[in-house]
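S.K.: Numbering (the numbering used here), first residue to last: 533 to 824.
Note that the Cβ used here is the ideal one computed from N, Cα and C, for glycine as well.
Nothing here was measured: the structure is a model prediction, and the numbers come from that model.
There's a structure below that I have some questions on.
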């Protein structure tokens, strides 16, 4: 009978520890993913901004030396990331591939213009900068016109600001939820040992002596949960980087290591604080209150 009871208690204790580790791992994993999103939010927004193309259309009378000079000046400009010269023949071939038919068969000639596609650095993708760049380019006599999607730029900048704000708000809320969830799991684990705590206290053990094994046990559980969360984060980071290599998520290893260190530290700190207060609560309870 006694052996069966002990086995049942041991099974419940293992189940309690498993739920604590699982809760810590899941919460820290989600918190880590959110941290990766916060760290890479600007990088992702910059990537999409740099997809905006400023197209400079050239007149038929434009000389090759003038085009070369324009390309050289654009390549040296602080606001330019990449440039690409697109001849009207290349543009016609692109339209042919995109539409599946050769439009020149109907028109009889190539009405397209030679052009230069300019990709700007993310910080310069604003309406004001684009307007200045456009005015500078159109001031040249051999440039016909400059086009870009100004509405898309405005919409993108507005959305980036909104998303950045809400990511920070959600990060704060989620951090609070993480602390509360881990704290609840720790308190449940300590609750199962409340009679042991009170018994030790009644035979003269000090609060610090009673609290110490619970704190160390919880810290070990926190470390295990944090390691599991870090493994999950590493797998997700690897597959995201493999799927979207253009984002360059692994180009900042110091930030990644720092994020992993913070998540690991949170697993220890939160479990330590939660266990401290949970044991303190049962240490301060009267014996009769332990049954409720």
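Residue range of the alpha helix (DSSP H) that residue 655 falls in?
M.R.: Element bounds for residue 655: n/a, residue is neither H nor E.
S.K.: To the nearest angstrom, report how far apart residue 782 and residue 701 are at their CA atoms.
M.R.: Their Cα atoms are separated by approximately 26 Å.
S.K.: Output the distance between the C-alpha atoms of residue 607 and residue 772, rounded to the nearest integer angstrom.
M.R.: Distance between the alpha carbons of residue 607 and residue 772 is about 31 Å.
S.K.: Is the stretch 600-620 touching the stretch 678-698 in the sense that three or more CB pairs, one from each, lie closer than 8 Å?
M.R.: No: the two stretches stay apart, fewer than three of their Cβ pairs being nearer than 8 Å.
S.K.: Is residue 686 closer than 8 Å to residue 659 when the C-beta atoms are compared?
M.R.: Contact: yes.
S.K.: Out of curiosity, what's the CA-to-CA distance linking residue 812 and residue 567?
M.R.: Near 32 Å, if we compare the C-alpha coordinates of residue 567 and residue 812.
S.K.: Could you tell me the alpha carbon to alpha carbon distance between residue 613 and residue 550, rounded to whole angstroms?
M.R.: Using only the alpha carbons, I get a separation of about 51 Å.
S.K.: Throw me the rounded Cβ distance for the residue 722 and residue 746 pair, which I believe falls under 8 Å.
M.R.: Correct: roughly 6 Å between the Cβ atoms.
S.K.: Taking residue 775 as part of the alpha helix (DSSP H), name the residues at either end of that continuous run.
M.R.: Element bounds for residue 775: 739-775.
S.K.: What separation, rounded to the nearest whole angstrom, lies between the Cα atoms of residue 611 and residue 654?
M.R.: Going by the C-alpha atoms only, they are around 9 Å apart.
S.K.: Excluding sequence positions up to five away, which residues of its chain have a Cβ less than 6 Å from the Cβ of residue 828?
M.R.: Outside the shown range of the chain (533 to 824) lies residue 828, about which nothing can therefore be said.
S.K.: What are the boundary residues of the beta strand (DSSP E) that includes residue 612?
M.R.: Element bounds for residue 612: 612-618.
S.K.: By Cβ distance below 6 Å, which residues in the same chain neighbour residue 808 in space, the five residues on each side in sequence not counted?
M.R.: No residues qualify anywhere along the chain.
S.K.: Which ranges does the beta strand (DSSP E) cover as unbroken runs of at least 3 residues, wholly within the stretch 580-613, from first to last along the chain?
M.R.: Taking only runs of at least 3 residues, the beta strand (DSSP E) segments lying wholly in the stretch 580-613 are 585-590.
S.K.: Out of 806, 689, 673, 707, state which residue places its alpha-carbon closest to the alpha-carbon of residue 573.
M.R.: Measuring from the Cα of residue 573, the nearest candidate turns out to be 689.
S.K.: Can you find a heavy atom of the ligand SAM that lies under 7 Å from the Cβ of residue 754?
M.R.: You won't find the ligand SAM in this model; it holds no ligand whatsoever.
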